[in-house]
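So in the working numbering, the last spot in the sequence shown is 543, and the numbers never skip. Think of the CB as a built atom: it goes at the ideal place given N, C-alpha and C, for glycine as much as any other residue.
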Amino acid sequence: MKDVKCECGHVNPHGTVLCEACGKVLDERENKDELLDMRYEGSARRSQTYNKTIVDKIWNFFSSVKVGVWLIIITLLASILGTILPQKMYINLPPDVYYEQEYGWFGKLYYQLGLHDLYGSWWYLLLIAMIGISLVICSLDRVVPLYKALKAQRVTRNEGFLKRQRLFGTNHVIDAQDFDIVKKHLKEKHYHVREESGDLLAEKGRFSRWGPYVNHVGLIIFLFGGMLRFIPGMYVNENLWVKEGETTAVPETGETFYLQNNQFILQHYDKNKDKAFEKAIEQAGEVVKNYQSNVVLYKRVGESLPGEKPKLEKVTEYKVRVNHPLTFDGYSLFQSSFRSELKAMTFMLTNKNTNQTFGEMKINFEDPKEKYDLGNGYSVKILNYFPDFEFDKNGDPSTKSRVPNNPAFIFQMISPENPDGEKSFVAIKQTIEPFGDNTYKMAFKGIETKNVSGFIVRKDSTLWVIILGGILFMIGVIQGAYWNHRRIWVQNKNGQIWIAAHTNKNWYGLKREIEKVIEDTKLNMPDDQLQSEQADKGGV
4 MKDVKCECGH
14 VNPHGTVLCE
24 ACGKVLDERE
34 NKDELLDMRY
44 EGSARRSQTY
54 NKTIVDKIWN
64 FFSSVKVGVW
74 LIIITLLASI
84 LGTILPQKMY
94 INLPPDVYYE
104 QEYGWFGKLY
114 YQLGLHDLYG
124 SWWYLLLIAM
134 IGISLVICSL
144 DRVVPLYKAL
154 KAQRVTRNEG
164 FLKRQRLFGT
174 NHVIDAQDFD
184 IVKKHLKEKH
194 YHVREESGDL
204 LAEKGRFSRW
214 GPYVNHVGLI
224 IFLFGGMLRF
234 IPGMYVNENL
244 WVKEGETTAV
254 PETGETFYLQ
264 NNQFILQHYD
274 KNKDKAFEKA
284 IEQAGEVVKN
294 YQSNVVLYKR
304 VGESLPGEKP
314 KLEKVTEYKV
324 RVNHPLTFDG
334 YSLFQSSFRS
344 ELKAMTFMLT
354 NKNTNQTFGE
364 MKINFEDPKE
374 KYDLGNGYSV
384 KILNYFPDFE
394 FDKNGDPSTK
404 SRVPNNPAFI
414 FQMISPENPD
424 GEKSFVAIKQ
434 TIEPFGDNTY
444 KMAFKGIETK
454 NVSGFIVRKD
464 STLWVIILGG
474 ILFMIGVIQG
484 AYWNHRRIWV
494 QNKNGQIWIA
504 AHTNKNWYGL
514 KREIEKVIED
524 TKLNMPDDQL
534 QSEQADKGGV
């Protein structure tokens, strides 16, 4: 493809419609009676010039605005699907168990389709990347030729260029002072005036043409910041549950920081003292005043071998409350929730016929024993323990998790008269004796609970990138919305004064401005050729 040389001497890239320098129409197929399309100054866009190689086809695909809009619509629809059910980061059970258990067949389908981890899936990231590529190519395909054309434009323009502007008029009466008056008024209106061989080009607000492309840069940076969140360590949003009295490694810190939960405090408003909440307390029963966890943050000192207890150094003590997080090393630790968890259950070995008891046993769920000796030949063995009991599909007992939400046991009760023992399955409000009626039973006596504090560990190293993208986007919106690119040509042609003008928007404002510019002169207001055409069509 060869470049096209205009009669003015300027060499234009292949595919250029209007000469970048003088504005002459280079494409013979152009209708000479139609107004010029000045969106890109008639400059050659790569997507409209080349379509042979695979690179050309890819470029042309992503340079289409329609393709970009459809990519955004598809991504929005996919994002909506990700909000129907909770994402896996917000659940405490394995996804393959949780979704089917909570939402039935729909939850199972949701999991199988991979929607449970939508925002981290490869195809969702691919959609985001494709939007970014579309923005980059769309911008380069338009902004580069537009910049070159605006930079190369000369003061003296081709007659055909001037005649086919929307605002155009001729003046037969010429006064030498009119040029000076027009030039003065243009400068008062803050136009940048260039003069060449008695011709004038007044221009202002060119920077507004770059507004959409500043938008694109802001969106690209915004999308890049969003994709950075999937790089390990750049964005952390993890749940952390710590029981009272326990010390646990803070997730995503490489086992560098540890958190000890000394006490969880739950406070409610008092109806007698807090009169402002009296009605709310009467309606709701209890209104929470404060969730608080008194914690100690530790940092590991030195390296430790696998299985070895790490050496910890105290960093700080803090009272974590709602909206008052503990911050350290770029991380924030928020109080999000709490729960009461079973710590221990107490049973008594009892004769079913006489109700005589033969000892008491306390099962600590954190460290249950295999055998409990009750003395005098009585003992109890735990043959199996199900912390979160349920029956599986085959009707066999199993556990959903290691958290003692619904504990169940298979006991072997040994007595002097029955040294082989009697077996019994015991769950909350449920006892099964698989080998017939037993002489003894495990009678429930009481429970002990322990508070567990729920925290959210959050770190966001991408926020500044997202904020920067948002700021640039808004700058582009303001830049393109509140300023106009206006040009006025005042030229000597064949002993006449020709006036032509163009703006990218707000033609009414440009007309009013031209009226002010030609005040006190003999020059006539140029005609709006578009309105004249529409009036003629309406008359016909």
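(request) Report the rounded CA-to-CA distance for V100 versus T402, giving the unit in angstroms. (result) Locating residue 100 in the sequence shown gives position 97, where the first residue counts as 1. Locating residue 402 in the sequence shown gives position 399, where the first residue counts as 1. Rounded to the nearest angstrom, the two C-alpha atoms are 11 angstroms apart.
(request) Decide if H219 is buried, meaning its Cβ has at least 16 other Cβ atoms within 10 Å, or exposed. (result) As a first step, residue 219 must be located in the sequence shown, where it is residue number 216. With 16 or more Cβ atoms within 10 Å of its Cβ, H219 is classed as buried.
(request) Just the C-alpha distance for W108 and I413, rounded to the nearest angstrom, thanks. (result) Within the sequence shown, numbered from 1, the residue matching residue 108 stands at position 105. Within the sequence shown, numbered from 1, the residue matching residue 413 stands at position 410. Distance between the alpha carbons of W108 and I413: 32 angstroms.
(message) Rounding to the nearest angstrom, what Cα-Cα distance links Y511 and Y127 in this structure?
(response) As a working note, residue 511 is residue 508 in the sequence shown. As a working note, residue 127 is residue 124 in the sequence shown. Near 45 angstroms, if we compare the C-alpha coordinates of Y127 and Y511.
(request) Kindly indicate the opening and closing residues of the alpha helix (DSSP H) around Y216. (result) Counted from its first residue, the sequence shown places residue 216 at position 213. Y216 -> alpha helix (DSSP H) spans G214 to L231.
(message) Between which two residues does the beta strand (DSSP E) holding F267 run?
(response) Locating residue 267 in the sequence shown gives position 264, where the first residue counts as 1. Looking at the DSSP string, the run of the beta strand (DSSP E) that includes F267 is F260 to H271.
(request) Pick helix, strand or coil for Q3, following the three-state DSSP scheme. (result) Examination of residue 3 is not possible in this model, given that the chain is present from 4 through 543 alone.
(message) Could you compute how far the alpha carbon of A484 sits from the alpha carbon of H271?
(response) If you number the sequence shown from 1, residue 484 lands on position 481. If you number the sequence shown from 1, residue 271 lands on position 268. Roughly 52 angstroms between the two C-alpha positions.
(request) List the whole-angstrom C-beta distance separating L345 from V298, where the pair is believed to meet the contact cut-off of C-beta under 8 angstroms. (result) In the sequence shown, residue 345 corresponds to position 342, counting from 1. In the sequence shown, residue 298 corresponds to position 295, counting from 1. L345 to V298, Cβ: 22 angstroms. No contact.
(request) Determine the closest residue to N441 out of N354, E198 and E103, with distance taken between C-alpha atoms. (result) Counted from its first residue, the sequence shown places residue 441 at position 438. Ranking N354, E198 and E103 by Cα distance to N441 puts N354 first.
(message) Would N351 and T357 be called neighbours here (beta carbons separated by less than 8 angstroms)?
(response) Taking the first residue of the sequence shown as position 1, residue 351 is located at position 348. Taking the first residue of the sequence shown as position 1, residue 357 is located at position 354. Here the sequence assigns Met to residue 351, which means Asn is not the residue at that position. Not a contact, by the Cβ cut-off of 8 angstroms.
(request) Return the chain-ordered ranges of every alpha helix (DSSP H) run that is complete within the stretch 457-521 and spans a minimum of 4 residues. (result) 466-484 and 510-520
(message) Buried or exposed for D144, going by 16 or more other Cβ atoms inside 10 Å?
(response) Locating residue 144 in the sequence shown gives position 141, counting from the first residue. The residue is buried, with at least 16 neighbouring Cβ atoms inside 10 Å.
(request) Decide if D531 is buried, meaning its Cβ has at least 16 other Cβ atoms within 10 Å, or exposed. (result) Position 528 of the sequence shown, counted from the first residue, corresponds to residue 531. By the 10 Å Cβ count, D531 comes out buried.
(request) Return no unless some Cβ of chain B is closer than 8 angstroms to the Cβ of R167. (result) No chain B is present in this structure, which holds just one protein chain.
(request) Can you tell me which of the three DSSP states Y43 falls into? (result) Along the sequence shown, one-based indexing puts residue 43 at 40. Coil, per DSSP.
(request) Would you check if there are 3 or more beta carbon pairs closer than 8 angstroms linking the stretch 198-209 to the stretch 150-161? (result) yes
(message) Excluding the 5 residues flanking L39 on each side, which residues of the same chain have their C-beta closer than 6 angstroms to its C-beta?
(response) On the sequence shown, position 36 is the one that residue 39 refers to. The residues are R167.
(request) Out of K514, N240, E255 and E258, point me to the one whose CA is closest to Q90's CA. (result) For the purposes of this step, residue 90 is taken as the residue at position 87 of the sequence shown. Closest by alpha carbon: N240.
(request) May I ask you to report which of helix, strand or coil DSSP gives T524? (result) Numbered from its first residue, the sequence shown carries residue 524 at position 521. DSSP places T524 in coil when its eight states are reduced to three.
(request) Tell me whether G18 sits in a helix, a strand or coil according to DSSP, three-state version. (result) Start at 1 with the first residue of the sequence shown, and residue 18 comes out as number 15. Coil, per DSSP.
(message) Check whether the stretch 333-343 and the stretch 455-464 touch, using three or more Cβ-Cβ pairs below 8 angstroms as the test.
(response) yes
(request) Would you mind working out which of A411, G449, Y150 and W501 sits nearest Y43, comparing C-alpha positions? (result) Along the sequence shown, read from residue 1 onward, the residue named residue 43 stands at position 40. Selected option, being the one with the closest Cα: Y150.
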